[in-house]
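Asks:
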Amino acid sequence: MQIFEYNGSAVVAMVGKNCFAIASDRRLGVQLQTIATDFQRISKIHDHLFIGLSGLATDVQTLYQRLVFRHKLYQLREERDMKPETFASLVSAILYEKRFGPYLCQPVIAGLGDDNKPFICTMDSIGAKELAKDFVVSGTASESLYGACEAMFKPDMEAEELFETISQALLSSVDRDCLSGWGGHVYVVTPDEIKEKILKGRMD
Amino acid sequence: MSQSAVDVPPKGGFSFDLCKRNDMLTQKGLKAPSFLKTGTTIVGLIFKDGVILGADTRATEGPIVADKNCEKIHYMAPNIYCCGAGTAADTEAVTDMVSSQLRLHRYQTSRDSRVITALTLLKKHLFSYQGHVSAALVLGGVDITGPHLHTIYPHGSTDTLPFATMGSGSLAAMSVFEAKYKEGLTRDEGIQLVAEAICSGIFNDLGSGSNVDICVITKGNKEYLRNYMEPNPRTYVSSKGYSFTKKTEVLLTKITPLLERVEITEVGEAMEE
Chain Z
24 MQIFEYNGSA VVAMVGKNCF AIASDRRLGV QLQTIATDFQ RISKIHDHLF IGLSGLATDV
84 QTLYQRLVFR HKLYQLREER DMKPETFASL VSAILYEKRF GPYLCQPVIA GLGDDNKPFI
144 CTMDSIGAKE LAKDFVVSGT ASESLYGACE AMFKPDMEAE ELFETISQAL LSSVDRDCLS
204 GWGGHVYVVT PDEIKEKILK GRMD
Chain A
53 MSQSAVDVPP KGGFSFDLCK RNDMLTQKGL KAPSFLKTGT TIVGLIFKDG VILGADTRAT
113 EGPIVADKNC EKIHYMAPNI YCCGAGTAAD TEAVTDMVSS QLRLHRYQTS RDSRVITALT
173 LLKKHLFSYQ GHVSAALVLG GVDITGPHLH TIYPHGSTDT LPFATMGSGS LAAMSVFEAK
233 YKEGLTRDEG IQLVAEAICS GIFNDLGSGS NVDICVITKG NKEYLRNYME PNPRTYVSSK
293 GYSFTKKTEV LLTKITPLLE RVEITEVGEA MEE
């Protein structure tokens, strides 16, 4: 069995007009048994920067703690929040450092940079950055997510429409994947507010 | 060391502390993940006034296209560029690292970087990791000694050539070069030949696809033509877009308003000295 299929996950991020959305499923399993239905995969680094981690759940939590530690050190030294591009380079360096014994997770980073320009990127487990202008996906449901996002994505969507699009893409993709699902967790971030929504999905 | 209380940022180089755990997981039957590869067609050729490098723009993760428009021509120095094939993280990390080392060297010597310097730094690094850092590179540039083009293999061997191809599409591109290359090409002829070689890789090799990137380096000047040709546009875009008949059901909504940024509109009076 693949190592990424041990816990199961689905994470997707999309770019809108001066806003971004990041969404994940909520299942935590051990191979085919479901252990929890409220697992937190997306974490806030600062008000305008979120990271979603898919893959082995223990590495998801360890990597998140290391990144929060490094960001807090940065805030103390520089007296400001990290820009999304800088944070992406930091994550890439931390993952590449373990090139021959990697953290078994794939991050999805989403943030608002200068001038409220949205930034998204994903990486493989050794830190190869993949910047995109439209959407990025990761997890066991990634192949379905690629297809759903290609079909449903439109450029320059406003926050409401972006929320609807990312939710539909996530739910339709996890419905075709046994290892992820049990609802959805969506964050839509604009310059003025963070909207966090829990979605109702199929519980199987 | 895993016993330290504080996780101090390390001083560089690789760290191997998760290897034992990953081996244990592999023995239990969990297969290791696949890395992002750039299946790729990368080429370079020397023309009358300098060097032209070309690359496709597809990044694959197994059989899936992960990135339809990635950048495979990496900056090394103002007069040196490098195309990378193989594991994407390795090509990016190794070219970034050597690019930084070249910049420090330029500050120390007050001279423009030479292509042979970049070549030696790259081959030393790749050889010392015995091929495990899986980066196959086409390095080209123009320095004080003239135009140079080299290929570097993952195990650290190098070749110096007038025209070169690497990657999974290298046979398709090499066939075009062997048929049509001649010495003393002009700039336009060279660009056209490189574009043709990359297109041959894009259309015939499954690991390469999307668009053609070209970089022209001459004495004292460089031109990076990103997406020079886009022979694979999306033809199925629907003008109406996707409409959802049924809205998603939301169980819980939490809105966190962010602090508004205060704008200073009036400038106060200056203090009297």
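Residue numbers (our numbering), protein chains in the order written: chain Z, 24 to 227; chain A, 53 to 325.
Just so it is clear, CB atoms sit at the ideal spot from N, CA and C, and this is done for glycine as well.
1) Could you tell me which residues DSSP puts in a beta bridge with Lys152(Z)?
2) Identify the contact partners of Phe123(Z) in chain A, using a Cβ-Cβ distance below 8 Å as the criterion.
3) Between which two residues does the alpha helix (DSSP H) harbouring Gly207(Z) extend?
4) Would you report the Cα separation of Asp211(A) and Lys175(A), rounded to the nearest angstrom?
5) Taking a contact to mean a Cβ-Cβ separation below 8 Å, would you say Gly207(Z) touches Leu185(Z) in this structure?
6) Pull up the DSSP beta-bridge partners for Pro309(A), would you.
7) Who does Cys134(A) pair with in a DSSP beta bridge?
8) Which value, in whole angstroms, describes the spacing of the CA atoms of Ala171(Z) and Ser195(Z)?
9) Over what stretch of residues does the beta strand (DSSP E) that includes Thr217(A) continue unbroken?
10) Given a cut-off of 8 Å on the beta-carbon distance, is the pair His207(A) and Leu171(A) in contact?
11) Determine the extent of the alpha helix (DSSP H) in which Ser290(A) is found, giving its start and end residues.
12) For chain Z, is any of its Cβ atoms less than 8 Å away from the one on Tyr294(A)?
13) Are the C-beta atoms of Phe87(A) and some chain Z residue less than 8 Å apart?
14) Which chain A residues sit within Cβ distance under 8 Å of Gln25(Z)?
15) Using three-state DSSP, classify Met281(A) as helix, strand or coil.
16) Considering only their Cβ atoms, is the gap separating Ile254(A) from Pro283(A) smaller than 8 Å?
17) In chain A, which residues lie with their C-beta within 8 Å of the C-beta of Gln191(Z)?
18) Using a C-beta cutoff of 8 Å, does Tyr126(Z) count as contacting chain A?
19) Could you tell me which chain A residues have their CB closer than 7 Å to the CB of Leu76(Z), listed as they occur along the chain?
20) Considering Cα atoms alone, identify which of Met105(Z), Gly78(Z), Glu101(Z), Leu79(Z) is closest to Leu90(Z).
21) Whose C-alpha, out of Leu304(A), Met76(A), Gly65(A), Arg166(A), is nearest the C-alpha of Ile117(Z)?
22) Return helix, strand or coil for Lys175(A), following the three-state DSSP convention.
23) Does DSSP put His157(A) in a helix, a strand or coil?
24) Does Ser32(Z) come within less than 8 Å of chain A when only Cβ atoms are used?
25) Can you pull out the residues from the stretch 163-193 of chain A whose beta carbon lies closer than 8 Å to at least one beta carbon of chain Z?
26) Is Arg49(Z) closer than 8 Å to Thr57(Z) when the C-beta atoms are compared?
27) Less than 8 Å between the beta carbons of Gly75(Z) and Val34(Z), yes or no?
28) By how many angstroms is the C-alpha of Val160(Z) removed from the C-alpha of Val246(A)?
29) For Gly221(A), which of Gly138(A), Glu321(A), Ser260(A) has the nearest alpha-carbon?
30) So which residues on chain A does Ser203(Z) lean against when the C-beta distance must stay under 9 Å?
31) So which of Cys251(A), Glu241(A), Tyr288(A) has the shortest CA-CA distance to Asp101(A)?
32) Strictly below 9 Å CB to CB, what residues from chain Z border Lys306(A)?
33) Let me check one thing: in DSSP terms, what residues is Ile94(A) bridge-paired to?
34) Helix, strand or coil for Lys223(Z)? Go by DSSP, reduced to three states.
35) Checking contacts by CB at 8 Å: is Gly136(Z) closer than that to chain A?
36) By Cβ distance, which residues of its chain are closer than 6 Å to Val83(Z), with the 5 residues on each side in sequence left out?
Replies: To lay it out plainly:
1) The beta-bridge partner set that DSSP reports for Lys152(Z) consists of Met146(Z).
2) Residues of chain A passing the Cβ test: Phe66, Phe68, Cys71, His184.
3) It is not in any alpha helix (DSSP H) - Gly207(Z) instead sits in the beta strand (DSSP E) that spans 207-212.
4) Rounded to whole angstroms, Asp211(A) to Lys175(A) spans 11 Å at the Cα level.
5) No, Cβ-Cβ distance for Gly207(Z) and Leu185(Z) is not below 8 Å.
6) Listed as beta-bridge partners of Pro309(A) by DSSP are Glu216(Z).
7) Cys134(A) pairs with His126(A), Leu191(A).
8) Using only the alpha carbons, I get a separation of about 7 Å.
9) Counting along the chain, the beta strand (DSSP E) containing Thr217(A) begins and ends at 215-218.
10) No, Cβ-Cβ distance for His207(A) and Leu171(A) is not below 8 Å.
11) Element bounds for Ser290(A): n/a, residue is neither H nor E.
12) For Tyr294(A), the answer is yes, since a Cβ of chain Z falls inside 8 Å of its Cβ.
13) Interface residue, yes.
14) Gln25(Z) reaches chain A at Leu82, Lys83, Pro85, counting residues in chain order whose Cβ is nearer than 8 Å.
15) The answer is strand: DSSP assigns Met281(A) an E or B state.
16) Contact flag set, yes.
17) Result: Phe296, Thr300.
18) Answer yes: the Cβ-Cβ gap between Tyr126(Z) and chain A drops below 8 Å somewhere.
19) Here the premise fails: no neighbours, minimum Cβ distance about 14 Å.
20) Answer by Cα proximity: Met105(Z).
21) The residue with the shortest Cα to Cα distance from Ile117(Z) is Gly65(A).
22) Correct three-state label for Lys175(A): helix.
23) Assigned with DSSP and collapsed to three states, His157(A) falls in helix.
24) Taking 8 Å as the CB threshold, Ser32(Z) stays off the interface with chain A.
25) For the stretch 163-193 of chain A, residues whose beta-carbon sits nearer than 8 Å to a beta-carbon of chain Z comprise His184, Val185.
26) Going by C-beta atoms, Thr57(Z) is not nearer than 8 Å to Arg49(Z).
27) Cβ distance < 8 Å, so Gly75(Z) and Val34(Z) count as in contact.
28) Taking the CA atoms as reference points, Val246(A) sits about 33 Å from Val160(Z).
29) With respect to the C-alpha of Gly221(A), the residue from Gly138(A), Glu321(A), Ser260(A) having the closest C-alpha is Ser260(A).
30) Ordered by position in chain A, no residue passes the 9 Å Cβ test against Ser203(Z), which lies about 16 Å from the chain.
31) Among Cys251(A), Glu241(A), Tyr288(A), the Cα nearest to that of Asp101(A) is on Glu241(A).
32) Within 9 Å Cβ-Cβ: Ile217, Lys218, Glu219, Lys220, Ile221.
33) Beta-bridge partners assigned by DSSP to Ile94(A): Ala107(A), Met218(A).
34) Assigned with DSSP and collapsed to three states, Lys223(Z) falls in coil, not helix or strand.
35) No, Gly136(Z) lies away from the interface with chain A (no Cβ there is under 8 Å from its Cβ).
36) So the qualifying residues of the chain are Leu76, Cys128.
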